[in-house]
Amino acid sequence: MFDTAAGLFVARRVQCLAVAIALFLSTGIGVHAAAHSGQEHSRQHEEMVAACQPPSCTRHRHYIAAEEVLWDYLPSSQDRVWHREFAGVQESLSQVERRVYRKAVYRGYEDGTFTKRVPREEWLGILGPVIRAEVGDLVEIVFYNAATEPFSIHPHGVFYTAEHEGAMHADSGEGAGVRPGETFTYIWQRAGPADEDPGSILWLYHSHHNEPMDVNAGLVGPILVYRRGWLRTVSESPKILNATTADAASTRSATSDALIAADSTFKRDTAVVATTHTYARDVDREFVLWLDVLDENSTPYYLDNMRRVQEGAIHPPGSDDGLPMADREALRKHMFYSVNGRVFGNLAGIIASQGDRVRWHLAALGTENGVHHARWHGPAGAQEERGERRDGVSLLPATFRTLDSVVDQVGQWLINCETQLHLSSGMAAWYRVLPRSAEDELDQAAKGSTADMQKTDGLQFAESHQTKPAKSIAQPFSFEEPPPPPMSAGSWVVILCVFVCWLVGVTHMLS
1 MFDTAAGLFV ARRVQCLAVA IALFLSTGIG VHAAAHSGQE HSRQHEEMVA ACQPPSCTRH
61 RHYIAAEEVL WDYLPSSQDR VWHREFAGVQ ESLSQVERRV YRKAVYRGYE DGTFTKRVPR
121 EEWLGILGPV IRAEVGDLVE IVFYNAATEP FSIHPHGVFY TAEHEGAMHA DSGEGAGVRP
181 GETFTYIWQR AGPADEDPGS ILWLYHSHHN EPMDVNAGLV GPILVYRRGW LRTVSESPKI
241 LNATTADAAS TRSATSDALI AADSTFKRDT AVVATTHTYA RDVDREFVLW LDVLDENSTP
301 YYLDNMRRVQ EGAIHPPGSD DGLPMADREA LRKHMFYSVN GRVFGNLAGI IASQGDRVRW
361 HLAALGTENG VHHARWHGPA GAQEERGERR DGVSLLPATF RTLDSVVDQV GQWLINCETQ
421 LHLSSGMAAW YRVLPRSAED ELDQAAKGST ADMQKTDGLQ FAESHQTKPA KSIAQPFSFE
481 EPPPPPMSAG SWVVILCVFV CWLVGVTHML S
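Numbering (the UniProt record's numbering), first residue to last: 1 to 511.
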């Protein structure tokens, strides 16, 4: 009896010791694999950067943050398409809040401190900053997650490795889900227009940690790819004050004169406002329009938004104690048929000058609701797409189209989705054509603003989990090979459990 009990005791101790050794070895292997993965990531960075040499390749670095905001789909409180009044919109705050939702957006910054925003055009609406590059260029995106949910940046139409894909799946890399307060640098190579395409084409980037919810939250931005030599950087473009530059790839810059009182003669100080970007050589202006049905019932913030906008909903009386079927009409009240995140003609800033060659980039995402037919009224109606003339174009989910037109009539004209439900629900925007003499307003629209969303129609930023990046983010960005990463807290817990198990086993064996 004693021998049997002793044998079982020793066998259990041996099993415990074997498990302890296995756990210890697996922990060490996991740490080594993590270190190797980090070194491989750094090596890929170095190889891609080393291969990018001018003039055949240019490096473009962008600093983009995901931020949480309160977004107003209808900032004017007016239906600017059908000219309808929204009942009770002035009297009832709850009616206003039904158009205001907590969302996440991409916004661009000047450097890794993420303290000063880059200017952005008003027509972008909810879209993130435009990423511009030529075929074969290298794009680096330093992404900082200032939101309270894990997000990423996943691109369409570029080349990338699995580590830089930004999409969550079984073999996804670190960039698939950047946690709040952390940064990740994506590196992509640009594909570009085919022979039959125009000089620039559109792709999108968006968060892909939880794709449907992230897109509905507002994390979408445009990528414009140009033919080699068709995009000139601002530093290479001549700047002529108070005039239209003769360079076909440039846009207007502006000056602002102020009168300053001095001890003697009055002096004039001139503030120079430089152009933030250029367009393709074959057009004067480019606009990106994202037509989509944004579903506030399916975002990471839907519970928070529900608490903000619900008006004391109760269960209807009846004998059935289960939950009622989903009210499709109630769900539709939180679905917005938008153009760049605005509805009923509330997207501003689509302005061109009479005679301009305008390039329209269109995109759609979404589900079965994402089937659209975009139509231009007025002078932009005669579009050219690969040599074909048309006044509209159809869009399926996850499709991108590029069309050109010449706007030769002064006035205000409508762009809308011809799908009846989408049009009646507000999927429309206005574009304006100004006479050549109205350069001041055109210049103001072209140079953009850094004040986007800081205060728009009385709307303030939503409180964010972390408003400033950690100090390490401000350090100069480097591709130097990092040291092996330290073991995580979970690894130390496993090691501690293994040690305790081993110690208990030895104690029992010696007792």
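Heads up, the beta-carbon is just placed ideally off N, CA and C, and yes, glycines get one too.
In summary, Gln189 is buried, with 16 or more beta-carbon neighbours lying within 10 Å of its beta-carbon over all protein chains present.
According to DSSP, Glu67 shares a beta bridge with Val105.
Residue pairing by DSSP puts Arg59 in a beta bridge opposite Leu138.
For Pro198, the closest of Ala438, Asn416 and Leu224 by C-alpha to C-alpha distance is Leu224. Taking a 10 Å sphere around the C-beta of Val504, we find fewer than 16 other C-beta atoms and assign the residue as exposed.
In this structure, the CA atom of Ile495 is about 37 Å from the CA atom of Ala65.
Between Arg375 and Asp404, the beta carbon gap of about 16 Å keeps them out of contact (Cβ cut-off 8 Å). Shortest Cα-Cα distance from His208 to any of Gly166, Ala194 and Phe184 involves Gly166. Just measuring C-alpha positions, the residue of His361, Tyr186 and Val433 sitting nearest Gln383 is His361. Along the segment 108-189, the beta strand (DSSP E) occurs as fully enclosed runs of 3 or more residues at 131-134 and 138-145, listed in sequence order.
DSSP, read as helix, strand or coil, puts Leu423 in helix. Nearest in C-alpha terms to Arg285, of all of His154, Ile351 and Leu423, is Ile351. Straight-line measurement puts the Cα of Ser424 at about 33 Å from the Cα of Ile131.
Between Gly341 and Gly125 the beta-carbon gap is near 4 Å, inside 8 Å, which marks them as a contact.
Secondary structure of Pro222 (DSSP, three-state): strand.
In the three-state reduction of the DSSP assignment, Ala194 falls in the coil class.
Its chain contains Gln409, Gly411 and Trp413 as the residues whose beta carbon lies nearer than 7 Å to that of Gly378, once the 5 sequence neighbours on both sides are disregarded; these appear in chain order. Taken through DSSP and simplified to helix, strand or coil, Ile350 comes out as coil. In the three-state DSSP reduction, Val393 falls in the strand class (E or B).
In this structure, the CA atom of Glu211 is about 43 Å from the CA atom of Val500.
Counting along the chain, the unbroken beta strand (DSSP E) around Asn416 starts and ends at Gly411 to Cys417. Around the beta carbon of Leu347, 16 or more other beta carbons sit within 10 angstroms, so the residue counts as buried. With contacts defined as CB atoms closer than 8 Å, Trp203 and Phe400 qualify as a contacting pair. According to the DSSP secondary-structure assignment, Gln383 is paired through a beta bridge with Arg390. Secondary structure of Asp214 (DSSP, three-state): helix. Note that the C-beta distance between Leu127 and Val288 is below 8 Å.
Here DSSP, grouped into helix, strand and coil, assigns Ala50 to helix. Under the three-state reduction of DSSP, Val81 is assigned to coil, being neither helix nor strand. Residue state for Phe336 is assigned as strand, using DSSP reduced to three classes. Straight through space, the alpha carbons of Glu174 and Cys497 are spaced by roughly 27 Å. Under the three-state reduction of DSSP output, Glu368 falls in the helix class.
Here DSSP, grouped into helix, strand and coil, assigns Leu231 to coil. Annotation for Glu286: the continuous beta strand (DSSP E) segment containing it runs Arg285 to Asp295.
Ranked by Cα distance from His83, the first of Ala438, Ser437 and Ala428 is Ala428. Arg179 and Asn297 have their C-alpha atoms roughly 23 Å apart. Apart from the 5 residues on each side of it in sequence, Val215 sits with its Cβ closer than 6 Å to the Cβ of His206 and Leu365 in its chain, given in chain order.
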